[in-house]
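Below is one structure, written out as structure tokens; the observations come after it.
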Amino acid sequence: MNSILVLGGARSGKSCHAESLVMAEPAPWRYVATGRAWDDEMRARIAFHRARRGEGWEAVEAPFDLVSSLHGSQPVLVDCLTLWLTNLILDERNIEEATESLLDALRQRSALTVLVGNEVGLGIVPENALARRFRDEAGLLHQKIAREARRVLFVAAGCALEMK
Amino acid sequence: MNSILVLGGARSGKSCHAESLVMAEPAPWRYVATGRAWDDEMRARIAFHRARRGEGWEAVEAPFDLVSSLHGSQPVLVDCLTLWLTNLILDERNIEEATESLLDALRQRSALTVLVGNEVGLGIVPENALARRFRDEAGLLHQKIAREARRVLFVAAGCALEMK
Amino acid sequence: MNSILVLGGARSGKSCHAESLVMAEPAPWRYVATGRAWDDEMRARIAFHRARRGEGWEAVEAPFDLVSSLHGSQPVLVDCLTLWLTNLILDERNIEEATESLLDALRQRSALTVLVGNEVGLGIVPENALARRFRDEAGLLHQKIAREARRVLFVAAGCALEMK
Chain X
1303 MNSILVLGGA
1313 RSGKSCHAES
1323 LVMAEPAPWR
1333 YVATGRAWDD
1343 EMRARIAFHR
1353 ARRGEGWEAV
1363 EAPFDLVSSL
1373 HGSQPVLVDC
1383 LTLWLTNLIL
1393 DERNIEEATE
1403 SLLDALRQRS
1413 ALTVLVGNEV
1423 GLGIVPENAL
1433 ARRFRDEAGL
1443 LHQKIAREAR
1453 RVLFVAAGCA
1463 LEMK
Chain W
1303 MNSILVLGGA
1313 RSGKSCHAES
1323 LVMAEPAPWR
1333 YVATGRAWDD
1343 EMRARIAFHR
1353 ARRGEGWEAV
1363 EAPFDLVSSL
1373 HGSQPVLVDC
1383 LTLWLTNLIL
1393 DERNIEEATE
1403 SLLDALRQRS
1413 ALTVLVGNEV
1423 GLGIVPENAL
1433 ARRFRDEAGL
1443 LHQKIAREAR
1453 RVLFVAAGCA
1463 LEMK
Chain L
1303 MNSILVLGGA
1313 RSGKSCHAES
1323 LVMAEPAPWR
1333 YVATGRAWDD
1343 EMRARIAFHR
1353 ARRGEGWEAV
1363 EAPFDLVSSL
1373 HGSQPVLVDC
1383 LTLWLTNLIL
1393 DERNIEEATE
1403 SLLDALRQRS
1413 ALTVLVGNEV
1423 GLGIVPENAL
1433 ARRFRDEAGL
1443 LHQKIAREAR
1453 RVLFVAAGCA
1463 LEMK
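Residue numbers (our numbering), protein chains in the order written: chain X, 1303 to 1466; chain W, 1303 to 1466; chain L, 1303 to 1466.
And the structure:
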């Protein structure tokens, strides 16, 4: 599976590092945004990320259907798995099925796919049951992708550590 | 001290990795469960972990008394330090004494002991004072074991990083 | 920039590791404390850290003005960026300006500066907006320092991992 999983915390520089991995391939590149701009804070975050990327990027929004966004032979950046999972949970979709379809699509791509994920499991157990469920689902999703990815990176303070 | 400390976040694959380290030694292996099934969510987690392990495992429950579970020359998996510490705190036991007894028992074992711990100190400072105390105690416990362990691993997304 | 950034979670042993890096240089060393003793818990933490350090240390308190504490040719330990940032936010100072001044001062030092920071972005998104802002500012600050630092370490359970 020609995929790289980039894990990191909030404002760890993981998206920026993931972009540099995609841009090491020849343009054009596809940016797959999974976040939905449901409030001002989220809109500010999306604008912040968009402003950083330059020419050569085709942008696609995929809050639910990641599979369609993976067609063709362009290098793809999926930013990020965490918001995609949030959307699936809030919309009460079947996460196991969605994950299997994603894995199938990743296996069939020969071009590079870089997937960004927030590591959210390294704090105190959340009091909120939905947060606990989200944390579990995120951990399982990352494990499934990491198992087949050809590289897994952990980013902190903009520095990347090779995990696999 | 023939011990390996395996740290990681929630659903990081740390227990699974720790199991594989124990199973690299000849069977039979002892699985020391520190969690108590006080609610349905916890029962589901315990069942989930039990289902994954196969033949060759002897299971022991040790919510408080880890020392007794470490007798003999079998390779042992302690899963996990975090629930053990939770039990000690909720039962108002002396943590420093319990830790010293555990360290003594680990020093006296010649067989492999793999200990799993949740890294919980990498989020925002919890508002809850008990959570802050727990986070401090967990960090100190991990440091004390890591100082004498022959290996310390950090697991994320099922991938293990050698810390020591 | 002759600086080392030491990142880690709560009670990860990061301060202790940072101290050993400074003490590898010839004494006297300067300890720059950014924390303010605003409650008993905080006072206990400060006393705990002070008790561990021995002779050869000059102690300076710098809740806001880190730049003045960096004068001269002594090796300096800044402990920690996280409390400094907390002070700036609570006092509504301009964080971008303060960061630029800090970076300038670090660039001008030829002696070693070791800066300790709490990694706080690896848990669930906090419900509290101030905590989310703090988490973002901390991540950006660490990235800016890491970009120019000659080494970046990640500490867990007292073990240090070379990130850069």
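Cβ coordinates follow ideal geometry from the N, Cα and C atoms, glycine included.
Rounded straight-line distance, which links the Cα of residue j to that of residue i
i                            : j                         : result
asparagine 1396 (chain W)    : glutamine 1445 (chain W)  : 18 Å
leucine 1372 (chain L)       : alanine 1326 (chain L)    : 18 Å
arginine 1313 (chain W)      : alanine 1448 (chain X)    : 13 Å
arginine 1332 (chain X)      : arginine 1434 (chain W)   : 43 Å
valine 1422 (chain X)        : aspartate 1381 (chain X)  : 15 Å
glutamate 1398 (chain W)     : aspartate 1393 (chain X)  : 47 Å
leucine 1408 (chain L)       : arginine 1453 (chain L)   : 14 Å
threonine 1401 (chain W)     : glutamine 1376 (chain W)  : 21 Å
histidine 1319 (chain X)     : glutamine 1410 (chain W)  : 46 Å
arginine 1437 (chain W)      : valine 1416 (chain X)     : 33 Å
leucine 1432 (chain X)       : glutamate 1464 (chain X)  : 31 Å
serine 1412 (chain W)        : aspartate 1406 (chain L)  : 54 Å
arginine 1338 (chain L)      : alanine 1346 (chain L)    : 11 Å
alanine 1462 (chain X)       : asparagine 1430 (chain L) : 29 Å
lysine 1466 (chain L)        : aspartate 1341 (chain W)  : 44 Å
phenylalanine 1350 (chain L) : alanine 1451 (chain W)    : 25 Å
glutamate 1439 (chain L)     : leucine 1455 (chain L)    : 19 Å
Short Cβ contact (8 Å threshold) for residue i with residue j
i                         : j                            : result
valine 1334 (chain L)     : valine 1369 (chain L)        : no
leucine 1323 (chain W)    : glycine 1419 (chain W)       : no
leucine 1424 (chain L)    : leucine 1424 (chain X)       : yes
lysine 1316 (chain L)     : valine 1457 (chain L)        : yes
tryptophan 1361 (chain X) : threonine 1336 (chain X)     : Note on identity: in this sequence residue 1361 (chain X) is alanine, with tryptophan being the wrong assignment. The answer is no: Cβ separation not under 8 Å.
leucine 1385 (chain L)    : leucine 1443 (chain L)       : no
leucine 1387 (chain W)    : phenylalanine 1366 (chain W) : no
asparagine 1304 (chain L) : leucine 1404 (chain L)       : no
glycine 1311 (chain L)    : glycine 1460 (chain W)       : no
glutamate 1321 (chain X)  : arginine 1352 (chain X)      : no
alanine 1329 (chain W)    : glycine 1374 (chain W)       : no
Cutoff 8 Å: residue i Cβ touching any chain L Cβ
i                         : result
isoleucine 1426 (chain W) : yes
glutamate 1363 (chain X)  : no
leucine 1368 (chain W)    : no
cysteine 1461 (chain X)   : yes
valine 1454 (chain W)     : yes
Within-8 Å CB hit, residue i to chain X
i                         : result
methionine 1465 (chain L) : yes
Within-8 Å CB hit, residue i to chain W
i                      : result
alanine 1458 (chain L) : yes
leucine 1309 (chain X) : yes
valine 1416 (chain X)  : no
8 Å Cβ cutoff, residue i in contact with chain B
i                       : result
arginine 1313 (chain X) : Absent here is chain B; the protein component of the structure consists of chains X, W and L.
Under 7 Å (Cβ pairs) to chain W, residues found in the segment 1419–1448 of chain X: Close to chain W, meaning a Cβ-Cβ distance shorter than 7 Å, are the following residues of the segment 1419–1448 of chain X: Glu1421, Gly1423, Leu1424, Gly1425, Ile1426, Arg1437, Asp1438, Gly1441, Leu1442, His1444, Gln1445 and Ala1448.
Ranges of the alpha helix (DSSP H) found wholly within the segment 1354–1426 of chain W, counting only runs of at least 4: Within the segment 1354–1426 of chain W, the runs of alpha helix (DSSP H) that reach at least 4 residues and sit entirely inside it are, in chain order, 1383–1392 and 1397–1410.
Runs of beta strand (DSSP E) lying entirely within the segment 1314–1341 of chain L, each at least 3 residues, in chain order: The segment 1314–1341 of chain L contains, as complete beta strand (DSSP E) runs of 3+ residues, the segments 1331–1335 (chain order).
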